[in-house]
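Undergrad: I am attaching a structure below and will ask some questions about it afterwards.
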Amino acid sequence: MSPYIYLHGQPGSPAELGLFGGAGGLGAAHLFAPDRGRDRPDLALGPYLDHLAQAIRTRFPQGPIRLVGFSLGSFVAVELALRLADREVALDLVSAAAPLDLGDFLPDMAGGLVFSLARRRPGLFALLTAVQGGLARVAPGLLFDQIFAGAQGADADLVADPAFRAAIRGILAHSLAGGGRGYRREIAGYVSQGADRLARLTAPVRLWQGQADSWTPPAMAQALAAARPQSRTLRTFAGLSHYSTLRAALPEIFGGRP
1 MSPYIYLHGQ PGSPAELGLF GGAGGLGAAH LFAPDRGRDR PDLALGPYLD HLAQAIRTRF
61 PQGPIRLVGF SLGSFVAVEL ALRLADREVA LDLVSAAAPL DLGDFLPDMA GGLVFSLARR
121 RPGLFALLTA VQGGLARVAP GLLFDQIFAG AQGADADLVA DPAFRAAIRG ILAHSLAGGG
181 RGYRREIAGY VSQGADRLAR LTAPVRLWQG QADSWTPPAM AQALAAARPQ SRTLRTFAGL
241 SHYSTLRAAL PEIFGGRP
């Protein structure tokens, strides 16, 4: 069985796997879900990704590898695949965030303001992250309501679920604690990622995209698929948005183990 590397969203944590029970009982021998928000916050993004790629090699020294990236974790999955190019790698990208220079995506992204700040005003982005971290600590319900105010499709039903709300509040508090250094590291890297990085990726990619996603709009998945159509397949879900697509995709990804 190929091992799976789960790469959570941002803000996010490996606890995303527990939202919907999608890990299918995989144990540590077959699943690695690094907590990138807390792992080596002292490292800049490039050295950190090198560190993470080496951790994967050490844990799984031979054989094929499956990288499963959710949301901003898709950006990390691509970077890791490039660093593991000598291995047999396949990617599953769920609600994937495409490089911003692949299209005019920001106006249609629910988090577009955050990415614009990170791109053009990094100081203000750091301040915003500090404010959000404070809210996650003292008023987690308020932060949740702010982030999910525009929930679309089936995500609107998830937002009304007390268990989902509680789990996401915990994930946000964990990810944004201590200034959210790991979170900020990856957002800053994502907004500066060029499409040329994506063009170097030859590993097979399966894209899982909700048609009602307002966080990573469908145009992103379409652009990712079009960038190298011979090695990428796109699966779309009517009525599903960001987290609801993760709920639909994980059982199929982990259930269809090679």
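UniProt numbering puts the first residue of the sequence shown at 1, with every later residue one more than the last. Glycine included, every Cβ here is placed at the ideal spot set by N, Cα and C. None of the values given here were measured: they were computed from a predicted structure.
1. Assuming Y48 contacts R40 (C-beta within less than 8 Å), just tell me the rounded distance between them.
2. Once you ignore the five residues that flank A44 on each side, which residues in its own chain have a CB closer than 8 Å to its CB?
3. With DSSP collapsed to three states, give me the class of R185.
4. Go ahead and label S192 buried or exposed: buried means 16 or more other beta carbons lie within 10 angstroms of its beta carbon, across all protein chains shown.
5. Considering only the beta carbon of each residue, do L102 and A238 sit closer than 8 Å?
6. Applying the criterion that 16 or more other CB atoms from any shown protein chain within 10 Å of the CB defines a buried residue, is A96 buried or exposed?
7. Where does F32 sit, in a helix, a strand or coil, going by DSSP?
8. Just checking, does the segment 243 to 254 make contact with the segment 146 to 158 on the three C-beta pairs under 8 Å criterion?
9. Hey, does P217 have any beta-carbon neighbour from chain B nearer than 8 Å?
10. Within the continuous beta strand (DSSP E) that includes G180, where are the two ends?
11. Between which two residues does the alpha helix (DSSP H) holding L246 run?
12. Going by beta carbon distance, what residues of the same chain come within less than 8 Å of L117, once the five residues before and after it are set aside?
13. Grab me the residues of R206's own chain with a C-beta within less than 6 Å of its C-beta, minus the 5 sequence neighbours each way, in chain order.
14. Quick check: the segment 160 to 170 against the segment 198 to 205, are there 3 or more CB pairs under 8 Å?
TA: Taking the geometry as given:
1. 6 Å
2. R185
3. helix
4. exposed
5. no
6. buried
7. strand
8. yes
9. Going by chain labels, chain B is absent from the structure shown, which holds only one protein chain.
10. Segment: none, G180 is in no beta strand (DSSP E) and carries neither H nor E.
11. 242 to 255
12. L124, F125, L128
13. D92, T233
14. no
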